[in-house]
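The structure appears below as structure tokens.
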């Protein structure tokens, strides 16, 4: 905590923010919303300053987020504050669209383009338009006498102080705990038995078997990981845990491997024999990141290869006719291609290794679609059912005939009567009405007239 | 040239550049996004508790969904996989379903009492 964030500045920021939000909430009497907004803005600034200083001191200034992060975050937070503090529901909905657009900016900074555009289309395009329709439907039409008058429940907020204090205590707790927890998070490529489970992939497993054939059953595993240089790695092979320090990582560690063994905790390993000759066999982890996803999409490599021209003979493509990609080595940009065997089995015939273009990459849409369909097919079904049920429910609710209840009818009549009689001084009427904002319910409105 | 923090001025220029996508995101950077998400969530919470207009209250739940979405996308970028992004699709689905049902309910309640004030329904407390 202490090296990632400076708690003092963080809590000052939280307290300042709470004060700002309290002032910005709509209230009766003097309404210092601008002052509240300025205070809340200063609080957000203080929180980000505390974070920025902490992270810059802890990890270096190039670990700070992109400048776009600050722009979009401040727009999103400011617009969100306006959503809850604006007295007119229509403006609140419009400010919510601004929040959506700003968080789409954050999504783009986080390299999630597909979700950013989906959010604009679904949220700003569909959900918020529905909200605007309902705001228009469920608002009393303004009469001639009271054209721009706001409802009492829009003008005053209910218990702003208690709610804001509780919420900002929640914020302080959340940020403290997140700072404590996120420091120990294992990132991608970090060797952690619970995070990465490595399995031999079919195409590569074969080549390991082939390579091992001359002198079974020993091989040397050299761990190739971006974190390998930094510290020690625990490598579990077939239930045994091997402790690799920096030196044994260089020389390699002799282990026995059998086909189908699981290797837990390595993202990428190179296999060489005991004399140190490279056996030219690699295996990679289950997909972490976009590049390793490519190894599961050989068709993508195949289409790129058939489009690429052979540098030796530009009239030919890199992929000859009848050849299919059977294995992809993402790290070295090599693809194993094979022709159909004489018995007609695809990929069973003659094999060769060709480099594939370095610039092919998985698009965000492809990655999301692959993950969605490959890993969460059941969730798609459930989401579809939920949407269907919601649609049915909305139709049933909308068709239901509702009578206005008598008390409400009476209250509405009296409300109209009162507003006609006291068309001018709205503020004065409410001041004599009640003391606390929570007691300004329409039940008291009825008794007033 | 060093600033008082012991940081090079030249490093500021790298701060402005967008980090390449496959490169690993630092936990400090992740924490910034989590804090933004927490602030948005808390603002949505305050709005839900304090505002008395039913429509604004549901708008504030959408704000909280949005905050959860930012946290999910940030974790998705941090772990360099797409699971978080697919979860946002489901959050979006739930938000759409909730908006459809909640807004139908709001219209129903409005027809009954001719007001959007949530405290009119205080009798539901029993």
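Protein chains in written order, with our numbering: chain P, 1 to 449; chain D, 450 to 575.
Glycine included, each C-beta is placed from N, C-alpha and C at the ideal position.
Just so you know, these numbers come straight off a predicted model, no measurement behind them.
With DSSP collapsed to three states, give me the class of residue i.
i              : result
residue 318(P) : coil
residue 566(D) : strand
residue 313(P) : coil
residue 327(P) : strand
residue 353(P) : strand
residue 451(P) : Chain P is shown only over 1 to 449; residue 451(P) falls outside these bounds and no answer can be derived.
residue 66(P)  : coil
residue 108(P) : helix
residue 407(P) : helix
residue 389(P) : helix
residue 135(P) : helix
residue 31(P)  : coil
residue 60(P)  : coil
residue 377(P) : helix
residue 396(P) : helix
residue 481(D) : helix
residue 26(P)  : coil
residue 158(P) : coil
residue 415(P) : helix
residue 555(D) : helix
residue 195(P) : At residue 195(P), the pLDDT of 26 sits below 50, so the modelled position is not reliable and the matter cannot be decided from this model.
residue 10(P)  : helix
residue 574(D) : helix
Hey, out of the options, whose CA is closest to residue i's CA?
i              : options                        : result
residue 75(P)  : 99(P), 83(P), 366(P)           : 99(P)
residue 494(D) : 91(P), 409(P), 171(P)          : 171(P)
residue 538(D) : 519(D), 527(D), 551(D)         : 519(D)
residue 360(P) : 328(P), 384(P), 371(P), 18(P)  : 328(P)
residue 138(P) : 156(P), 103(P), 90(P), 124(P)  : 90(P)
residue 37(P)  : 294(P), 16(P), 394(P), 308(P)  : 16(P)
residue 81(P)  : 485(D), 527(D), 554(D), 558(D) : 485(D)
residue 368(P) : 94(P), 115(P), 40(P)           : 115(P)
residue 554(D) : 402(P), 326(P), 415(P), 411(P) : 402(P)
residue 356(P) : 398(P), 386(P), 302(P), 406(P) : 302(P)
residue 481(D) : 524(D), 497(D), 506(D)         : 524(D)
residue 466(P) : 130(P), 132(P), 103(P)         : No answer is possible for residue 466(P): it lies beyond the span of chain P, which begins at 1 and ends at 449.
residue 30(P)  : 383(P), 156(P), 339(P), 311(P) : 156(P)
residue 6(P)   : 83(P), 362(P), 176(P), 70(P)   : 176(P)
residue 8(P)   : 63(P), 350(P), 50(P)           : 50(P)
residue 363(P) : 337(P), 113(P), 101(P)         : 113(P)
residue 479(D) : 28(P), 64(P), 35(P)            : 64(P)
residue 497(D) : 385(P), 11(P), 83(P)           : 83(P)
What whole-angstrom Cβ distance do residue i and residue j have, given they're in contact under 8 Å?
i              : j              : result
residue 44(P)  : residue 488(D) : 7 Å
residue 511(D) : residue 48(P)  : With 8 Å as the limit, residue 511(D) and residue 48(P) do not qualify as a contact, their Cβ atoms being about 24 Å apart.
residue 527(D) : residue 474(D) : 5 Å
residue 135(P) : residue 93(P)  : 6 Å
residue 13(P)  : residue 68(P)  : Not really, about 22 Å apart at Cβ, beyond 8 Å.
residue 483(D) : residue 182(P) : 7 Å
residue 335(P) : residue 297(P) : In fact, because the Cβ distance is near 12 Å, the residues do not count as touching under 8 Å.
residue 552(D) : residue 130(P) : 6 Å
residue 78(P)  : residue 41(P)  : 7 Å
Sorry if obvious, but does the Cβ on residue i come closer than 7 Å to a heavy atom of the ligand MN?
i              : result
residue 381(P) : Only the bare structure without any ligand can be found here, which leaves the ligand MN out of the picture.
Quick check: the stretch 363 to 378 of chain P against the stretch 528 to 547 of chain D, are at least 3 beta-carbon pairs closer than 8 Å?
yes
Which full runs of the alpha helix (DSSP H) of 4+ residues lie inside the stretch 497 to 542 of chain D, going along the chain?
503 to 527
Examine the Cβ distances between the stretch 499 to 508 of chain D and the stretch 561 to 569 of chain D and report whether three or more of them are shorter than 8 Å.
Under the Cβ criterion (8 Å, minimum of three pairs), the stretch 499 to 508 of chain D counts as touching the stretch 561 to 569 of chain D.
Check whether the stretch 18 to 30 of chain P and the stretch 54 to 71 of chain P touch, using three or more Cβ-Cβ pairs below 8 Å as the test.
Remark: fewer than three beta-carbon pairs, one from each stretch, lie closer than 8 Å, so the stretch 18 to 30 of chain P and the stretch 54 to 71 of chain P are not flagged as touching.
Can you find at least 3 beta carbon pairs, one from the stretch 543 to 551 of chain D and one from the stretch 385 to 403 of chain P, that sit closer than 8 Å?
Yes: at least three Cβ pairs fall under 8 Å.
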